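Quick note, the sequences are listed as chains F and E, same order.
Residues in the first sequence are numbered from 10 upward in steps of one, following our numbering.
Residues in the second sequence are numbered from 410 upward in steps of one, following our numbering.
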Amino acid sequence: MAYSDKVRSLYTDQLKGLQDGGIFKIERYIHSVQDAEIEVEFPPGAPIKKVINICANNYLGLSSHPDVVAAAHKGLDARGYGMSSVRFICGTQDIHKQLEQKVTEFLGTEDTILFPSCMDANAGVFEAVLTDQDVMISDRLVHASLIDGIRLCKATTDSFKHSDMAHLEEKLQLHSDKRVKLVITDGVYSMDGDTAKLDEMVALCEKYDAMILVDDSHASGFIGKTGRGTHEKCGVMGKIDIITTTFGKGLGGASGGCVSGRKELVELCRQKARPYLFSNTIAPPVVAGVISVLDTLSKTTERRDKLEKNANWWRQHLLEAGFILQPGDTPIVPVMLFNAKLSQDFARDLFAEGVYAIGFFFPVVPQGKARIRTQISAAHEMHHLEKALEAFIKVGKKYDILGKTKAEVTAMYGN
Amino acid sequence: MEEIRDVVLEYVRNEYMEDQDEELTYDTALISGGFVDSFSMVSLKRFLETRYKISLPDNRATPEAFDTVNKITDLVMEFLGK
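As structure tokens, this is what we get:
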């Protein structure tokens, strides 16, 4: 038997190490559709509890929206369940091309290629468009999937301090001898909810003849006046060379992602990106769902406007209640608790009060910066937000942190 | 040698430390300790090459060789022929 006791114990020890280190992840089972209110079994075997969900990436509340579900049903009936093939053999349908065209129009780019996920888009794009004569200069807080993609590429790597434009400029000067310089950033940073300074970054890229890639997964569909993304918010539509994004968050929440940008770069991805070449693309019902999402979002800004209003209300009322928030203006609103155990206790008590949120701590966020990350949705009605706020205030009072400074909170609980 | 050590320490502090008050010694594990991300080692390599007019081959500029200020200093000294 290849899987001997010795090998098994190697892995059980590893799992025990995760448990002992307090970083063993446990899933909560949801017995309903994804929405503002969900039915959760937690811990496993516990009675199902209806709770308000404030930790989903369901920004536009489309994950179970009747129009999207109906469009997916229609797509399922018209184009089937799957393609049983990669794109370039016999896995490309008319609706895949339609979706690529619609994403291009929505984001204001030159061309688009679909990927099974944005993780795959980020895994494939760098290797497809860069060589060992080039350099990738990434913000130090970019998403893990970008880091993995960068690792798979032979180009030189470098990084700059988070959102530090002077440091980025130094790096662009340092690598002036490279054939291609690619600056890499998230549009909205998912842990802090802050936005990249894309206007300044584009100006630097123009000055130093560099390209820029933005992962806009936490922005597409709702950031910017018409929801096109961070490039719209920063006034640099048409100036981002590569946008990667997901359909698994605001844009319907199912799955799939894309690379959208300069047509030559997109074509190189089609020819060379390994996750595109060696994996089936997005399934027909999901493609149909995303097409309907983009059609709706192109006609009206109603949902992103409601999301903005909800997020502003939530941020303002948490501040008024005396919580310390990470500054920002996106639907990601981190409530800072600083201490890891406090973040876990706080999340547990919120759940008891009927509010589902997650406490994040090191190594997911820096040491001493534990928080409850709240994410607001257009699916939230005012009564959801009011009830969630009430629960936050009740738990905040229990731990006596309302109106306290960071120093006072850490003096009580450590950091 | 002391001067090289301090120059490297100062560079590492400015380039990599988010919190300038964080303790940094000649033996702090920079890469394995998570202070320096391996992506940006190239900056450190280029800084050393420019400052000391040396050429560090890629197979010597490894995460292990760059893991502490003392190790970096030893490497620079070797290539300076000291």
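Glycine included, every Cβ here is placed at the ideal spot set by N, Cα and C.
Since we're looking at a predicted model, the values are computed, not measured.
| Query | Result |
| --- | --- |
| Please state whether the Cβ-Cβ distance between residue 181 of chain F and residue 222 of chain F is less than 8 Å. | no |
| Taking 6 Å as the limit between beta carbons, can you name the residues of its chain near residue 96 of chain F, skipping five residues before and five after? | 290 |
| Check this for me: beta carbons of residue 399 of chain F and residue 271 of chain F, under 8 Å apart or not? | no |
| Between residue 183 of chain F and chain E, is the shortest Cβ-Cβ distance under 8 Å, so that the two count as touching? | yes |
| Residue 258 of chain F: which of F:22, F:172, F:73 sits nearest, CA to CA? | F:73 |
| Which residues of chain E have a Cβ atom closer than 8 Å to the Cβ of residue 159 of chain F, listed in chain order? | 448 |
| Taking the C-alpha atoms as reference points, what is the distance between residue 255 of chain F and residue 461 of chain E? | 46 Å |
| Kindly indicate which three-state DSSP category residue 126 of chain F falls into: helix, strand or coil? | coil |
| Quick one: Cα of residue 421 of chain E to Cα of residue 451 of chain E, how far? | 12 Å |
| What residues match up with residue 427 of chain F in a beta bridge as DSSP calls it? | Outside the modelled stretch of chain F, which goes from 10 to 424, sits residue 427 of chain F, for which no answer is possible. |
| Could you name the residues of the same chain whose beta carbon sits closer than 8 Å to that of residue 1 of chain F, not counting the 5 residues immediately before and after it, in chain order? | Absent from the structure is residue 1 of chain F, since the part of chain F shown begins at 10 and ends at 424. |
| Residue 378 of chain F: which of F:402, F:423, F:393, F:357 sits nearest, CA to CA? | F:423 |
| Note the first and the last residue of the continuous alpha helix (DSSP H) segment covering residue 369 of chain F. | Run containing residue 369 of chain F: none in the alpha helix (DSSP H); it sits in the beta strand (DSSP E), 367-369. |
| Taking Cβ positions only, does residue 455 of chain E come closer than 8 Å to chain F? | yes |
| Of the choices F:279, F:296, F:336, whose alpha-carbon is the least far from that of residue 135 of chain F? | F:279 |
| Residues of chain F with a CB under 7 Å from the CB of residue 451 of chain E: which are they? | 165, 166, 167 |
| Report yes or no: do three or more beta-carbon pairs, one from the segment 191-210 of chain F and one from the segment 323-342 of chain F, lie closer than 8 Å? | yes |
| By a C-beta neighbour count over all protein chains shown, 10 Å radius and 16 as the cutoff for buried, is residue 328 of chain F buried or exposed? | exposed |
| Taking residue 421 of chain F as part of the alpha helix (DSSP H), name the residues at either end of that continuous run. | 415-422 |
| Going straight from the alpha carbon of residue 108 of chain F to that of residue 266 of chain F, what length do you get? | 11 Å |
| Looking at the structure shown, is residue 252 of chain F part of a helix, part of a strand, or coil, going by DSSP? | strand |
| By DSSP's criteria, residue 169 of chain F is part of a beta bridge. Which residues make up the other side? | F:148 |
| Output, in chain order, the set of chain E residues within a Cβ distance shorter than 7 Å of residue 380 of chain F. | Residues of chain E passing the Cβ test: none, with the nearest at roughly 17 Å. |
| Work out the CA separation of residue 64 of chain F and residue 365 of chain F for me, nearest whole Å. | 7 Å |
| Is there at least one Cβ from chain E nearer than 8 Å to residue 17 of chain F's Cβ? | no |
| Please list, in chain order, the chain E residues whose beta carbon lies closer than 9 Å to that of residue 188 of chain F. | None at all; the shortest Cβ gap to chain E is about 15 Å. |
| When you compare the CB of residue 147 of chain F with every CB in chain E, is at least one pair closer than 8 Å? | yes |
| By Cβ distance below 8 Å, which residues in the same chain neighbour residue 176 of chain F in space, the five residues on each side in sequence not counted? | 169, 170 |
| Kindly list the residues whose CB is nearer than 6 Å to the CB of residue 66 of chain F, restricted to its own chain and excluding five residues on each side of it in sequence; keep chain order. | 258 |
| Unbroken alpha helix (DSSP H) runs of length 4 or more, entirely within the segment 265-294 of chain F: which are they? | 272-281, 283-286 |
| Return the first residue and the last residue of the beta strand (DSSP E) that residue 222 of chain F is part of. | 220-224 |
| Please report how far the alpha carbon of residue 274 of chain F lies from the alpha carbon of residue 138 of chain F, in whole angstroms. | 6 Å |
| Under a three-way DSSP split, which group does residue 67 of chain F fall into? | coil |
| Which runs of the alpha helix (DSSP H) spanning at least 4 residues fall entirely within the segment 162-216 of chain F, listed in chain order? | 174-183, 207-216 |
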